[in-house]
């Protein structure tokens, strides 16, 4: 299905970096969800580059809701959001068109589209498309919030610097994160991360990181035993966040070295609620939510656009070449990817919930 | 779509641990693929428990091809394989029905199926179902081989012991792996792993590990930029392998600490073929294969069935409980999961290839 | 997705006419639906050929539930039903393998499967496969009945003889139909139909007909405005009933000659329930159910297997030929197709309901 | 999947009658297809109301290609077309909001969307949305033409007046049709139809009709034996054309009264090409194309918007009411629906072809 994801709540994205607009269609949302334009704007702001640690490209990200919203609420019919592209400088890219940027999709786009692709600024592969995901995701996040489901993502690691983990009352941690432009739990770690990003930028280089997400209030009993496991659905979507190269749940890869007795999450009762003492399974057993918070991490590779000389090929001429990148690029995207991660998780969870409980379930008036 | 996966080549699995049989239907395979019963048997043998490092349950895994094969070749219509269950001892499970085994799906199955689930031996959540996946996957592996695509998986880590990585000529490494019951590249590491598995078993405990897969000969230009990225499709399927809690490609999570200049894979020409010097992207750029080997890893958590006392709840009585597990269980499944990983990868790749090149593409006589 | 249909409740069918068995997997059914083996047997009996108006092939249609049922109820996991093939006489077909039977799929199967198809008795294209649909459909019909939804189909026309239309209390009409082997509302019309079928058979010829289905108790508000309209979903599935070449709802094709004032169904209130005076729209407006009975018809073409000499080609030799059919064939299938029509409608409605109201909705205890 | 249709080439539509725009996203089109803006404009013109036989609403149908086209050709990435709504008079509709128009979706929309729907001018249910389908379909029609596949639809019947059937050289007949605003093969029949439409309009009434489509040059071997039959896919899509209540292939419902010997299409050889003498099966056997022209018909019910007094209910007040419709409405839509039928058929065929032959197949330079 390609650029569409979801069985009951489905999102379709379109657009190119230097076309007239990028956009998304979200279909299957329950009717009656309040669409908060201020919150969409907030999410787009979080995604937008800023300060010295980001690309010089500055987009207003004015968005237009084309359909699916009436008198401030979702209608239940397809919701289309458009985000016009304004600050495009196509002349930056034409010269290097067939010089495959290492780590980028220039060469694979050519293999797949045989030269018909819009190569300007990464075309349909550009991180620019994620503005549409962020806008669509904002509506999904609102919908979840209306049912008491909250999610938040922090930069668990960046340029080798670890953030502290989630601790204490998760919902409060999440709430705090959502207002931070550079989403860390430990501000000092954040300071150090930004300093290393700047240092890398000065050397024409880039850095990567790890994003960690927690979801609270997610109902138990959602997900399928095979194929459409909650992990499988979330991972499927998350690999669409540009630069993500790995996804893990709960203890993740570190769990490989634990014994079963250390890894297993003992069940206990808190009142009549079944909980687990630890959460190495990330809130999911057998592909199905168990009522504990969902916990997952994804790795964001270092931004491939660097300003150092790189070996490459000119795939049209069929000869080796040296690449000296021009243009505007981010020395890190992990802090901007955060809101995109939240967005695709929220859209995926809306889909799983609608499948499980029906298309009206998400229209609840909230907690 | 739940227990079905794939858009052009789709696999559906069914069965319970203690029902009459488990099985799979593979639909959309090209006609004319040689179905090698000996190879299916071989794959089922690799999945089967053996020796002192596995459960005492011993299944013959006699399989029956119900449909879709005629005169030794696929017909192109749905291929159904059944594997009867023989060695079932249902009495072992009835007593502990509502004692949620930590790390297992007993409790989430109850949440989802409200008590109607077949709880015997894990029911539809049992690793037993993977015999059907292994059988279906064997046909997919044969189909890929017919087009010169090979894949192999080794136990990159088990109980804290690392195997050596792939090196030298990948296709030869893969070929060697496929005949090994305990799939390591370094036999001494394998010896140490098995010794630690036995040690854990003696203490009533279990261990986990990491599986690493390489795919050679995969055509470039396959996969989609968003949502149906090659990574997303593979990860979606891999989380159906029981106990998998994380999937990463290329440098994976370790890549978070690299700089862009170290991570980027420089392109170069070998004759007229574009290659990359390193392969930190695991053969995939922008969701699309680039012609280099696909490289991925998944983490297999320590087997949740352990024989130590565990805290839990009785979810029918709504009270705390202590669990002392009976029955037959594996102290490790990572070595058995290997063939299941190969299977779901092969099925997923067949689907991606059929979508890209049409339904007949896989029937080529090939190398 | 080919041989799978449905987004939330999905059915997959497999098997060949002369293979070991045909079967179906139904995935996504709510847990806790009573599975009445006697009713499955009843439905298979209705589908089975009988008397002088059917093929001489006589199958016991013993069925085996392989998975998804535990202690007499659905578990919520994939339900696989197998129906072994017993009375197969493959020798009848080998000689005429490449003589394309007019109106049959022999030639198109060859075009699609390039000669690898199992050609014996129609292979995967055989009406035999519908036994699996009938068995799977029986469970869906039970599920719908549990929520007060009833459906029934009569032979509205056969060999030029019309049955009377539905009249009076629809649910009673439906109940009466379901016990009739030759499903007509007017027994005298049925007598005349059977007499014409026998007359056609004596001349080595065959006849067709029209099936009309009514569904009562179907909830309003189900279906989508575009693409997944209730009409579109039902028609999609119904064209899988062999020999169906047209599907119409409400007034159908006859409605082309009405004026809007005659066609429109005026709304009125019966107590607090909104009803329509006429039902030319077949219970569906804008793709969505309106609470009135669903009404639809499909045309079943005359059975293509006739015993008269027919002009054809031998597609392997590439030359013209004359076909004189051997074997066992039905002079009419419209009366047998009835139960298959009910089955695919029931499966499709279960899917639409599960999407709308969630996966648990169909497990209600109901009327 | 609701407002999205297709597995390999998928179309998503969005918009409301009185929102800012309607639009479509087509994903999965091969790269390199020439996008002829003049042809899109032509198709939109054919769909547009005109003269005395149509609604007074006049839209410019200026369209904007937002993505997926670069230098005049498809890129292979999602193609989004927007058509702004200009001539909207929302005041016409507010007063009658909860008076269910008989034959319309007002009431079912309310049942499904619980009052959150945009009710102005039919909202998302408006025929206005088909402008987006016509624009998207124009690209699909061009793509098919590039491979020598042509399709055309005529008004086979309108207001009781029959057009003559296709005869002689089909491709020439199709070519002639495509330039006609009122698509009939017999101009005199067309004259009579228009006269009856005007007569109905004068009486505040409306008429219906039947559209017949022929497709030439479609490759044999496309379609699936079960569920995704070519008939099932086409019918699924066609029921999205507003007012379509029935779809039939080849001889259709009239075939019910034929004998098998009259219905069967004898095969013969023309050179090395296998053809059939008649085409009662509409070019499809067993769900798969046989190389003959595809032939299908769909019935378009009389436009439900009439100006006569109609009995109805006010579903918000819960009381009976009399409806006297205001606003601008068509006394017939069958002539405008023609281009929408062509569009959804073309999109569906592109999907089936891409699944069968791969995503690049449609980019051929062709005739």
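Chains as they are written, first to last, in my numbering: chain A, 823 to 1189; chain B, 823 to 1189; chain C, 823 to 1189; chain D, 823 to 1189. Note that CB positions come from ideal geometry on N, CA and C, so glycine has one too. None of the values given here were measured: they were computed from a predicted structure.
Residue i touches chain A at which residues, Cβ-Cβ below 9 Å?
i, result
"residue 836/C", "Simply none; closest approach about 18 Å."
Taking Cβ-Cβ distances shorter than 7 Å, what residues in chain A pair up with residue i?
i, result
"residue 853/C", "Correct list: empty, because the minimum Cβ distance to chain A is about 11 Å."
In three-state DSSP terms, what is residue i?
i, result
"residue 836/D", "strand"
"residue 1006/D", "coil"
"residue 948/B", "coil"
"residue 936/B", "coil"
"residue 824/A", "coil"
"residue 810/B", "Chain B is shown only over 823 to 1189; residue 810/B falls outside these bounds and no answer can be derived."
"residue 1156/A", "helix"
"residue 1072/D", "coil"
"residue 1087/D", "coil"
"residue 1117/A", "strand"
"residue 861/A", "helix"
"residue 964/C", "helix"
"residue 1092/D", "strand"
Would residue i pass as an interface residue toward chain C - the criterion being a Cβ-Cβ separation below 8 Å?
i, result
"residue 1040/B", "no"
"residue 1047/A", "yes"
"residue 1189/D", "The predicted model places residue 1189/D with a pLDDT of 36, which falls under 50 and marks its position as unreliable, so this point remains unresolved."
Output yes if chain A places a C-beta closer than 8 Å to the C-beta of residue i; else output no.
i, result
"residue 872/B", "no"
"residue 1207/D", "Residue 1207/D lies beyond the stretch modelled for chain D, which goes from 823 to 1189, so this question has no answer here."
Who are the neighbours of residue i on chain C, taking C-beta pairs under 8 Å?
i, result
"residue 830/A", "829, 830, 1177"
Just how far apart, CA to CA, sit residue i and residue j?
i, j, result
"residue 840/D", "residue 1060/A", "35 Å"
"residue 937/C", "residue 931/C", "8 Å"
"residue 901/A", "residue 957/A", "11 Å"
"residue 1184/B", "residue 829/D", "19 Å"
"residue 1010/B", "residue 946/C", "51 Å"
"residue 1166/D", "residue 1156/D", "15 Å"
Report the option in the options whose CA atom is closest to the CA atom of residue i.
i, options, result
"residue 979/A", "994/A, 1007/A, 989/A", "1007/A"
"residue 905/D", "1130/D, 954/D, 1145/D", "954/D"
"residue 992/A", "986/A, 1002/A, 1004/A, 974/A", "974/A"
"residue 919/D", "926/D, 925/D, 942/D", "942/D"
"residue 962/C", "1014/C, 1179/C, 1173/C", "1173/C"
Taking Cβ-Cβ distances shorter than 7 Å, what residues in chain B pair up with residue i?
i, result
"residue 1132/A", "1086, 1088"
Name, please, each residue of chain D whose Cβ falls closer than 7 Å to the Cβ of residue i.
i, result
"residue 907/C", "Neighbours of residue 907/C on chain D: none; closest Cβ ~17 Å, over 7 Å."
Quick one: list the residues of chain B neighbouring residue i, beta-carbon separation under 9 Å, in chain order.
i, result
"residue 1027/A", "1081, 1082, 1083, 1084"
Can you find a CB in chain B that lies within less than 8 Å of the CB of residue i?
i, result
"residue 892/C", "yes"
"residue 1123/C", "no"
I want to verify the contact list: residues of chain C whose CB lies under 7 Å from the CB of residue i, in sequence order.
i, result
"residue 958/B", "Per Cβ cutoff of 7 Å: no residues; residue 958/B is ~12 Å from chain C at best."
"residue 971/D", "Chain C residues near residue 971/D: none, gap ~16 Å exceeds 7 Å."
Cβ closer than 8 Å: which chain A residues qualify as neighbours of residue i?
i, result
"residue 939/D", "853, 892, 897, 898, 899"
How would you list, in chain order, the residues of chain D whose beta-carbon sits under 9 Å from the beta-carbon of residue i?
i, result
"residue 1094/C", "1140"
"residue 849/A", "823, 824, 825, 826, 834, 836"
"residue 1181/B", "1177, 1178, 1179, 1180"
For residue i, decide whether its Cβ has a neighbour in chain D, counting only Cβ atoms nearer than 8 Å.
i, result
"residue 976/A", "no"
"residue 1170/B", "no"
"residue 1062/C", "yes"
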